[in-house]
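**Q** After the structure tokens below, expect a handful of questions from me.
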Amino acid sequence: MSVIKVPRKPLTFAERTYIPQIVSGMMTTLKHIVAKPLTVNYPEERPEIPAGYRGVPTLVRDPNGREKCVSCQLCEFVCPPKAIRITPGEIPADSPAAHVEKAPKEFEINMLRCIYCGLCQEVCPEEAIWLQNVFSVSGYERGEFINNKQKLYELGGTLPDAHYKWDKKKAAAEEAALHGQH
Amino acid sequence: MLDFYFSLPLIVRLIIQGLAVIAVLFPLGAACSMAERKVAAWAQDRPGPNRARPWGLGRIPIIGPILGRFGIFNLMADGGKLLFKEDIVPGHVNKFYFVIAPIVAMTPALSTIAFVPFGAYLDGAGRVLPVMLADVDIGILGVFALASLGVYSLILAGWASNSKYPFLGAIRASAQLISYELSMTLAVVPVLLWINAPGTPGTLSLVRVVEFQSQSGFWGGAWFVFVMPLSAFIFLVALFAETNRQPFDMPESEADLVGGFHTEYGSYKWSLFFVAEYGHMIVGSALFILLFCGGWNPLPWLPLSTFVGWLAPLGAWTAHPLFVGILSICIFLGKVIFSIFFFMWVRWTLPRFRYDQVMRIGWQRLLPLSIANLIIYTIAIALLN
Ligand code: SF4
Ligand code: SF4
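Chains as they are written, first to last, in the working numbering: chain A, 1 to 182; chain B, 1001 to 1385.
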């Protein structure tokens, strides 16, 4: 029923001489010969990295300079090749971000293990870990491929924040404290 | 200086000329390999090799970067590398034939050029005299005879390597070269019949072929590619096969034979094979241009002498033999370079034929076609004369 017979036309004489196909193929090649190269001279010229590129995972700060990661360790848990190792730490009570309570003491991503899957970015509840535009990782020793916390923040920089979740929470708590104690 | 040159004995002059031609042909063959890489890169939308910048040379303003961009320094680096690389002779080969094969490849590639006129100048009486090493009557026969020696080097290399891939490559090469030589020669015969009208002294000289294409009048000035398109086509296809170029490069098809006949070769011996192959290509293109594309005449229906006549108002120097000679060589070289570009252009367009397809095209298509072509043109020429 579902068999469809594809009609196979015998080749015409022109097709059997190969010549029309060769000519059209040559034209295609010529078009590429005169076209501008698609590649770039790499180390001097860098390709333009499109938005949303999944490069090296990095940690980011919010516009107030607060480190966004709260060391919930979800990314450590989800990371398929176990590239992430987090040592959670407390935020001292006198810091302006004391209301966030937790921040990583140490945060290491082993770039020899990372597979650039982006699951860490996907899972992070704080939008703290981002795969950004760094695509070239090189070094002479294994140790150089383990990005520590300082390095991760250097690479990550600051990203805009749409929510200021913790500040809102703090403001709401303060509001409630003001009104709720009547 | 010119007078001193002409006062030298003939044999010394011929040796100097021969060495000069080799000194041009050898680097030209090597340059073709770089051109090939560049054309390959352009066809694949890449810039191609453009990195090598030797200390000092690369820093010359303007010229340095330009040479670098066109990969000239890469070419030099390649040559140096191939020259100084360890020259391994595998233990299982027949040493004598293994070493002699690249030399046998080089010899016909360089010597065929002796029969090829590559330019012309006008003497006092306005006659066109060719610039070439040996203006002999057998011209084209000499080229064919020498060029077909090239197959021995492939067979020697394949057999002496004592390993199966080179052996298969050599067998394919010999079969292919022998089958396409026939059609190639038959395709040229109508041209030679046409130029040897009854009553004139018979000749196979390539100079005569070009002279014939530079006569006045519509039929006199027409290049043979217009008069005998089929011959030109058969010759071109056979030329591709004879020079082992894509789509007929099964003797060295990397996909199934590793490298074909030169699988076991390395360093300088390997590069000799390559230069020989490009040498064949250059001579083959030169032959095609002489036979079918008017040799050193700038355009169809525009012979060199007329062209030089047009330049006359610029001054008397335009008629000087040296200027005309260099001009004609430039025109000829330009055409040869274009046709080599054409070879590369085809290479990066077409896939390789299978062995049985190559044989079928050679024996069942091209050969009958060239025989029919020969018969038709023979009858036509007989009727015309
Ligand atoms: S991108 Fe994937 S592999 Fe790399 S750190 Fe994130 S979760 Fe792990
Ligand atoms: S980066 Fe995100 S997911 Fe990972 S520990 Fe920090 S807050 Fe949790």
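We put the CB at the ideal spot given by N, CA and C, even for glycine.
Quantities reported herein were computed from a predicted structural model and do not represent experimental measurements.
Heavy atom of ligand 2 less than 7 Å from the Cβ of A:SER136, yes or no?
**A** A:SER136: no, Cβ never under 7 Å from ligand 2.
**Q** Would you call A:ASN41 buried or exposed, if buried means 16 or more other Cβ atoms sit within 10 Å of its Cβ?
**A** Result: exposed.
**Q** Which residue marks the beginning of the beta strand (DSSP E) containing A:ALA103, and which one marks its end?
**A** Segment 102–110, the beta strand (DSSP E) holding A:ALA103.
**Q** Quick one: what does DSSP say A:PRO88 is sitting in, helix, strand or coil?
**A** It is a strand residue.
**Q** Report yes or no: is there a C-beta of chain A within less than 8 Å of the C-beta of B:THR1349?
**A** At least one chain A Cβ lies under 8 Å of B:THR1349.
**Q** For the candidate residues A:HIS32, A:ARG46 and A:LEU38, whose alpha-carbon lies nearest to that of A:SER136?
**A** For the residues A:HIS32, A:ARG46 and A:LEU38, the minimum Cα distance to A:SER136 belongs to A:ARG46.
**Q** List, in order along the chain, the chain A residues whose C-beta lies closer than 8 Å to that of B:PRO1047?
**A** Going along chain A in sequence order, the residues near B:PRO1047 (Cβ under 8 Å) are PRO37, THR39 and ASN41.
**Q** What does A:HIS32 reach in chain B if we use C-beta pairs closer than 9 Å?
**A** In chain order: TRP1042, ALA1043, GLN1044, ASP1045 and TRP1348.
**Q** Could you name the residues of chain A that B:TRP1296 contacts, counting a contact when the two beta carbons are closer than 7 Å?
**A** Within chain A, no residue comes near B:TRP1296; the closest Cβ sits about 26 Å away, beyond 7 Å.
**Q** Please tell me whether A:ALA128 and A:LYS165 are closer than 8 Å, where the distance is taken between their beta carbons.
**A** Cβ atoms of A:ALA128 and A:LYS165: not closer than 8 Å.
**Q** Using alpha carbons as the reference points, say which of B:PHE1261, B:PRO1298, B:PRO1321 and B:LEU1182 lies closest to B:ILE1361.
**A** Selected option, being the one with the closest Cα: B:LEU1182.
**Q** Is any non-hydrogen atom of ligand 2 found closer than 7 Å to the C-beta of A:ALA97, if you look at the structure I gave you?
**A** False, no ligand heavy atom lies under 7 Å from that Cβ.
**Q** Would you call the stretch 1154–1170 of chain B and the stretch 1260–1269 of chain B touching, i.e. three or more CB-CB distances under 8 Å?
**A** Short answer: they touch.
**Q** Under 7 Å from any heavy atom of ligand 1, does the C-beta of A:VAL78 make it?
**A** A:VAL78 Cβ: within cutoff of ligand 1.
**Q** Using a Cβ-Cβ distance under 8 Å, would A:THR12 count as near chain B?
**A** Chain B contact via Cβ: absent.
**Q** Could you tell me whether any Cβ in chain A is nearer than 8 Å to the Cβ of B:TRP1363?
**A** No, its Cβ sits nowhere closer than 8 Å to a Cβ of chain A.
**Q** Just verifying my parser: in three-state terms, what is the DSSP assignment at A:PRO57?
**A** Strand.
**Q** Any residues whose CB sits closer than 6 Å to a heavy atom of ligand 2? List them in chain order?
**A** Listed by chain position, these are A:CYS69, A:VAL70, A:SER71, A:CYS72, A:GLN73, A:LEU74, A:CYS75, A:ILE86, A:VAL123, A:CYS124, A:GLU126, A:ALA128 and A:ILE129.
**Q** Which residues, in order along the stretch 1316–1345 of chain B, keep a beta-carbon less than 7 Å from a beta-carbon of chain A?
**A** So the close ones are TRP1345.
**Q** Assuming contact is defined by CB atoms lying nearer than 8 Å, are B:GLU1254 and B:LEU1177 in contact in what I supplied?
**A** Not closer than 8 Å, so no.
**Q** B:ILE1371 lies in the alpha helix (DSSP H); which residues open and close that run?
**A** Residues 1367–1384.
**Q** Can you tell which of B:ARG1069, B:ILE1331, B:GLN1044 and B:SER1161 has its C-alpha closest to the C-alpha of B:THR1349?
**A** It is B:GLN1044.
**Q** In whole angstroms, what separates the C-alpha of B:PHE1144 from that of B:PRO1300?
**A** If you take the alpha carbons of B:PHE1144 and B:PRO1300, they lie about 26 Å apart.
**Q** So, at 6 Å on beta carbons, what are the nonlocal neighbours of A:CYS72 in its own chain, with the 5 sequence-adjacent residues on each side left out?
**A** Hits under 6 Å: none found.
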